[in-house]
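Going by the numbering used here, the first residue of the sequence shown is number 84, and it counts up by one from there.
Where is the CB? At the ideal position from N, CA and C, for every residue including glycine.
Working notes for the structure below.
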Amino acid sequence: MVKPQKIEGNSRLIYSTDKGAICPDCSKPAGECICQEIKRNAVPETKGKVRIRHETAGRKNKGVTIIYGLPLSPVQLENLAKKLKSTFGTGGAVKEYTIELQGDQRERAAFELRRLGFAV
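What follows is the structure in structure tokens.
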């Protein structure tokens, strides 16, 4: 008779009758999972300088100012974008650690970021 082999290291708990669903990343119960909090407060690695560029590609010739290289978490980026949008009176969004502002706002954004203490 052949015994079934137990595979070590390739098994992972998905559900427990004690605790319910288990997070696949941190292996804690879903109610105690801290993965989302870690992602929300994560700060990307940057080169130390904030970069600003103007793009029209793929936007039907509508210009967009893109600010990237900011050493801020996603929550802090949202707050900064909100402040910049209200200061400039324009629309925009935060996408993948970059701030996009409608129109050519390079000079104004550079001035405002320098005033806030960033190296542009």
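Reducing DSSP to helix, strand and coil, say where residue i ends up.
| i | result |
| --- | --- |
| residue 104 | strand |
| residue 148 | strand |
| residue 165 | helix |
| residue 117 | coil |
| residue 190 | helix |
What's the C-alpha gap between residue i and residue j?
| i | j | result |
| --- | --- | --- |
| residue 157 | residue 199 | 18 Å |
| residue 190 | residue 177 | 19 Å |
| residue 141 | residue 151 | 19 Å |
| residue 168 | residue 105 | 40 Å |
| residue 109 | residue 187 | 43 Å |
| residue 195 | residue 137 | 16 Å |
Just checking my contact of residue i with residue j at CB under 8 Å: how many whole Å lie between their CB atoms?
| i | j | result |
| --- | --- | --- |
| residue 135 | residue 193 | 6 Å |
| residue 204 | residue 145 | One cannot answer for residue 204 here, as it falls past the ends of the chain, which runs 84 to 203. |
Applying the 10 Å Cβ sphere with the 16-neighbour rule, what's the burial state of residue i?
| i | result |
| --- | --- |
| residue 148 | buried |
| residue 159 | exposed |
| residue 114 | exposed |
| residue 119 | exposed |
| residue 175 | buried |
Would you call the stretch 179 to 188 and the stretch 147 to 167 in contact, with 3 or more CB pairs under 8 Å?
-> yes
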